[in-house]
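Colleague: Here you go, one structure.
In our numbering, the protein residues as written are 152 to 1114.
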């Protein structure tokens, strides 16, 4: 049976069995002799609550099953879904944001090691993920309160298929279904044993991936009992930035930290916090010539700091983050009578993942810009390692009150090599349990179906960060030596270190000032729903179908950083705890009315409409509506169109998140350095002086990372959206049985208008309004140190933005009749982005064909295409999949063009009769060794990890049983 179906189900039973092939996009599977049986029974398909023939689907749905997943050679279902042309990428294990650059300024925190799906480039929080039509608990990684499901928490071998509805669907499913719905259907009817063992690796010898899956099904029709249970283990090893040419330096192609390529490209340069230190003290800008070990440094050990002395942090990160996942599932069904069933579904999953950053950049002093105690530390003259002979004063006491001594140093930057790399380890446990009673009954000649469901989900995450520094203990160890008593050990910040060599900070010093940061988070879901559907009465064109239902949902979440972090005493990214919950009661109704059938030019004409009313404890009530129509002029042609209103309620993180810092690369207009306007614009100069910048122009820092603090807002209103869709499918019956067993062409148009999108005002806009317009509200959000450096920029989440996007999706499917015992096929799935316009406070951003249009790593290619050609027999098969991404241009001053990219994947399988139920599979992804295009402004390793593959060829072998 054709496995990956672009199941916008059209006319013709063959399309139901073969349409789609969207991810691979073509799975090389054989087609059964009788395809018409697929339409014999009406079923519930994602996009409607009313049972219908899957051949007459009135909404665009793509289906991906286990065979399609296996074709990719990937070990994460999120990675598979992110290859859909309609997907906008999303968080995945190529993203190495360990929290070292802070969380996103949207209240959702950092989801290290997680994986999400983003449809239509609208963000993962605007794509609803269901499991068997029911909600699933949101994920977390002890870095905040995310607003989306972590797909890595769902065992891959529990999945029968995935239905992706590419249209707004809040009237049917509630909040979050703005861009679409991903409905994961789990195994219910498996018989016997199925097993998989796969090993894969990159040609460079890294990124080894192991995946082992086992499931067993028992079906006893005589007793009405069905049991499917299984378990899995997946281990993905790391790919280091040090092992790929593209990520050797912060800007691709650079050969040293003094390389002019940094300035010429507009890229981020090396760090000003080197292992040998940077000492902006007593009016000087110094660094050490070499590490000074075993003695106190003297002035002769120092030299003037230059760009060549900066630290290359790039090779100390991950391109692919390591993780281990294991879990199990149980699907149990028991018929209680001929008309009533009880179903129990249990899922448990554990994830152990790791992200990593370079050694901690320890920065103290009034110009440090940490926004905490580190900015107020003074280094006392009595510190035995202070080579300058005087107290280096911050100008304030540790409590922030004036010390009576003027500040005589800007900052001391020291890469904390002795403490080791920053390693963030996540341990995440997810449990979900569902109990369902369902059944059917008759009213007259019409059959009605009902179900009642209770869902409980819990996500419990813990993160360990080794190597953080306690600012209070550091202040004591750098302060007057007379006050460094007890366990305190005077700290040597002046001696420097060498990467891989010795340093001036001894183990005793480390033991006193460092601590292991332990954070935790939880998400909880309680969901109760009841649904009733059936036929009200029969019209000449068919049954009038109806569905009604009720849902009560209660969601709660919490995020608790380490107490040292809450106290503001950490040396890395500061954050505050958050917790909250909400509940909602909802009712919905859906009606489908057949108007004409089996008449000339109207083989089928029908109307479908649905409405949902919601009452939220957080903002009140809301009602959304959808309507769609389906017209089949002939049996071979299906035309459809629809209108849908959608809703996204503010998430718990957006409502209740405590203040957290996001480090963003922003140009400060108040600097006298490159790119600033202080020296060239009198208005800017006056406004900046009023904001705390020294009048003498001594503040001259170039563009760099600025701490932006944002938090939740309980006054947020829901986001709303309107979606229009139109499309058609042509599946000629004259071709089937002759030149083709499957032949279809489908085109769909969509247009989405999103209003009241939740975001915080861009920090760049706040700085600009303060500097150029002296806007009092903006200036109040900008906090500067005594030397002019930005300590923080404040931001509050608001209903600020609007987005309008439209585009085309196309699918072409062809499969031959039997040829030499098998069939050959061609499948093409494409997406063409016509418009993506975001109206922000900074103005209109037109994103089509751009990279980082919205200040995050995200490409908006105009055209994406997946195509597969394959030949399949029961004994052997081969396929080639091509993946094309059109060129994009970076949204910066250089307008750097990122060339179009074409990836090629091949797969072979062997399953001769003598192997009985075994199948051997071999494949290579990125067989042409295509490198991702360089991205100058991306926060990742010089390429966009949400859009492009990790550099290198990835080969794999898999042995399967029972498939």
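The beta carbon of each residue, even a glycine, is placed where N, CA and C say it ideally should be.
The structure presented is a predicted model; accordingly, all values stated were derived computationally and were not measured.
Quick check on the burial criterion: 16 or more other C-beta atoms within 10 angstroms. Buried or exposed for residue 667?
Modeller: Looking up residue 667 in the chain shown gives position 516. Counting Cβ neighbours within 10 Å, residue 667 comes out exposed, since fewer than 16 surround it.
Colleague: I'd like the span of the beta strand (DSSP E) that includes residue 337, first residue to last.
Modeller: One-based indexing of the chain shown puts residue 337 at position 186. Per DSSP, residue 337 belongs to the beta strand (DSSP E) from 331 to 337.
Colleague: Check residue 787 in the structure and name its three-state DSSP category.
Modeller: Your numbering for residue 787 matches position 636 in the chain shown. In the structure shown, residue 787 sits in coil (DSSP, three-state: anything other than H, G, I, E or B).
Colleague: To test your reading of the DSSP string, which unbroken alpha helix (DSSP H) runs of 4 or more residues are found completely within the region 995 to 1036?
Modeller: none
Colleague: Candidates 422, 388, 459, 372: which alpha carbon is nearest residue 411's?
Modeller: Mapped onto the chain shown, residue 411 falls at position 260. Selected option, being the one with the closest Cα: 459.
Colleague: For the beta strand (DSSP E) that residue 494 lies in, which residues bound it at each end?
Modeller: Reading the chain shown from its first residue, position 343 is the one you call residue 494. Start and end: 491 to 510.
Colleague: Check for me: the alpha helix (DSSP H) holding residue 840 runs from which residue to which?
Modeller: Within the chain shown, numbered from 1, the residue matching residue 840 stands at position 689. Per DSSP, residue 840 belongs to the alpha helix (DSSP H) from 833 to 841.
Colleague: Report yes if the CB atom of residue 1016 is closer than 7 Å to the CB atom of residue 999, and no otherwise.
Modeller: As a first step, residue 1016 must be located in the chain shown, where it is residue number 865. As a first step, residue 999 must be located in the chain shown, where it is residue number 848. With respect to residue 999, residue 1016 sits apart: the two C-beta atoms are not nearer than 7 Å.
Colleague: What are the boundary residues of the alpha helix (DSSP H) that includes residue 228?
Modeller: Taking the first residue of the chain shown as 1, we reach residue 228 at position 77. From DSSP, the alpha helix (DSSP H) with residue 228 extends over 228 to 232.
Colleague: Reducing DSSP to helix, strand and coil, say where residue 177 ends up.
Modeller: As a first step, residue 177 is located in the chain shown; it is residue number 26 there, counting from the start. Low per-residue confidence applies at residue 177: pLDDT is 33, beneath 50, and the placement is therefore not dependable enough to give any value.
Colleague: Classify residue 424 as helix, strand or coil using the three-state DSSP reduction.
Modeller: For the purposes of this step, residue 424 is identified with residue 273 of the chain shown, where counting begins at 1. Coil.
Colleague: So residue 210 packs on residue 316, CB below 8 Å; how close in whole Å?
Modeller: Indexing the chain shown from 1 puts residue 210 at position 59. Indexing the chain shown from 1 puts residue 316 at position 165. Confirmed, about 6 Å.
Colleague: For the region 434 to 446 against the region 363 to 374, do three or more pairs of beta-carbon atoms, one drawn from each stretch, fall closer than 8 Å, so that the two count as touching?
Modeller: no
Colleague: Along the beta strand (DSSP E) that carries residue 453, what are the first and last residues, could you check?
Modeller: Against the chain shown, residue 453 aligns to sequence position 302. Here the beta strand (DSSP E) through residue 453 covers 453 to 455.
Colleague: Do the region 226 to 245 and the region 268 to 283 touch if we need at least three Cβ pairs shorter than 8 Å?
Modeller: yes
Colleague: In whole angstroms, give me the CA-to-CA distance for residue 173 and residue 227.
Modeller: The residue labelled residue 173 in the question sits at position 22 within the chain shown. The residue labelled residue 227 in the question sits at position 76 within the chain shown. Model confidence at residue 173 stands at a pLDDT of 35, short of 50, so the residue's coordinates are unreliable and nothing is read from them.
Colleague: Taking just the CA atoms, how far does residue 347 sit from residue 1062?
Modeller: Residue mapping note: residue 1062 aligns to position 911 of the chain shown, counting from 1. Residue mapping note: residue 347 aligns to position 196 of the chain shown, counting from 1. Roughly 14 Å separates the two Cα atoms.
Colleague: Helix, strand or coil for residue 242, going by three-state DSSP, please let me know.
Modeller: Translated into positions along the chain shown, residue 242 becomes position 91. Here residue 242 sits in coil by DSSP.
Colleague: Restricting to Cα atoms, I'd like to know which of 490, 328, 526, 602 is closest to residue 561.
Modeller: Numbered from 1 along the chain shown, position 410 holds the residue referred to as residue 561. Here the closest residue by C-alpha is 526.
Colleague: I believe residue 1037 touches residue 1013 by the beta-carbon criterion, under 8 Å. Please report the beta-carbon distance rounded to the nearest angstrom.
Modeller: Within the chain shown, the letter at position 886 stands for residue 1037. Within the chain shown, the letter at position 862 stands for residue 1013. Taking a contact as a CB-CB distance under 8 Å, the pair residue 1037 and residue 1013 counts as one, their CB atoms being some 5 Å apart.
Colleague: Evaluate the contact criterion for the region 677 to 687 versus the region 199 to 219: three or more CB pairs, one atom per stretch, below 8 Å.
Modeller: yes
Colleague: Here's a check: name, in chain order, each residue in its chain whose Cβ is nearer than 6 Å to the Cβ of residue 518, leaving out the five neighbours to either side.
Modeller: On the chain shown, position 367 is the one that residue 518 refers to. Same-chain partners within the cutoff: 561, 562, 936, 938, 940.
Colleague: Would you mind reading off the limits of the alpha helix (DSSP H) that contains residue 217?
Modeller: As a first step, residue 217 must be located in the chain shown, where it is residue number 66. Under the DSSP assignment, residue 217 falls in the alpha helix (DSSP H) whose first and last residues are 217 to 223.
Colleague: What are the uninterrupted segments assigned as alpha helix (DSSP H) that are 4 or more residues long and contained completely in the region 275 to 329, given in chain order?
Modeller: The region 275 to 329 contains these whole alpha helix (DSSP H) runs: 321 to 324.
Colleague: So, at 7 Å on beta carbons, what are the nonlocal neighbours of residue 986 in its own chain, with the 5 sequence-adjacent residues on each side left out?
Modeller: Your numbering for residue 986 matches position 835 in the chain shown. Counting only Cβ-Cβ distances below 7 Å, and skipping sequence neighbours, we find 955, 956, 957, 999.
Colleague: At 3 residues or longer, and completely inside the region 670 to 718: list those beta strand (DSSP E) runs for me, N to C.
Modeller: The region 670 to 718 contains these whole beta strand (DSSP E) runs: 693 to 711.
Colleague: Can you tell me which of 431, 275, 962, 639 puts its alpha carbon nearest to the alpha carbon of residue 664?
Modeller: On the chain shown, residue 664 is found 513 positions in, with the first residue counted as 1. Cα-wise, what sits closest to residue 664 is 639.
Colleague: Report back the beta-carbon spacing between residue 975 and residue 962 to the nearest angstrom; my notes put them in contact at under 8 Å.
Modeller: In the chain shown, counting from the first residue as 1, residue 975 sits at position 824. In the chain shown, counting from the first residue as 1, residue 962 sits at position 811. Between residue 962 and residue 975 the Cβ distance is about 18 Å, and since that is not below 8 Å, they are no contact.
Colleague: If you run the structure through DSSP and keep just helix, strand and coil, what is residue 189?
Modeller: Along the chain shown, read from residue 1 onward, the residue named residue 189 stands at position 38. The pLDDT assigned to residue 189 is 34, lower than 50, so where the model puts this residue is not dependable, and the model offers no usable value.
Colleague: Return helix, strand or coil for residue 367, following the three-state DSSP convention.
Modeller: Looking up residue 367 in the chain shown gives position 216. Residue 367: strand per DSSP, three-state reduction.
Colleague: Leaving out five residues on either side along the sequence, give the residues of the same chain with a beta carbon under 6 Å from the beta carbon of residue 877.
Modeller: Translated into the one-based positions of the chain shown, residue 877 becomes position 726. Short of 6 Å from the beta carbon of residue 877, and not among the five residues preceding or following it, lie these beta carbons of its own chain, in chain order: 792, 900.
Colleague: For residue 166, collect the residues of the same chain with a Cβ closer than 6 Å to its Cβ; drop the 5 residues on either side in sequence, then sort them by chain order.
Modeller: Along the chain shown, one-based indexing puts residue 166 at 15. A caution first: residue 166 carries a pLDDT of 31, below 50, which makes its placement in the model unreliable, though a value can still be read off. Same-chain partners within the cutoff: 882, 895.
Colleague: For residue 572, name the three-state secondary structure that DSSP assigns.
Modeller: Here residue 572 refers to the residue found at position 421 of the chain shown. DSSP places residue 572 in strand when its eight states are reduced to three.
Colleague: At what residues does the beta strand (DSSP E) containing residue 976 begin and finish?
Modeller: The count along the chain shown starts at 1 and reaches residue 976 at position 825. It spans 974 to 991 - the beta strand (DSSP E) in which residue 976 sits, taken as one unbroken run.
Colleague: Comparing C-alpha positions only, which one of 579, 826, 808 sits nearest to residue 866?
Modeller: As a working mapping, residue 866 is identified with position 715 in the chain shown. Considering only alpha carbons, the answer is 808.
Colleague: Using CA coordinates, which residue listed in 846, 842, 818, 815 is at the minimum distance from residue 830?
Modeller: Position 679 of the chain shown, counted from the start, is the residue given in the question as residue 830. For the residues 846, 842, 818, 815, the minimum Cα distance to residue 830 belongs to 846.
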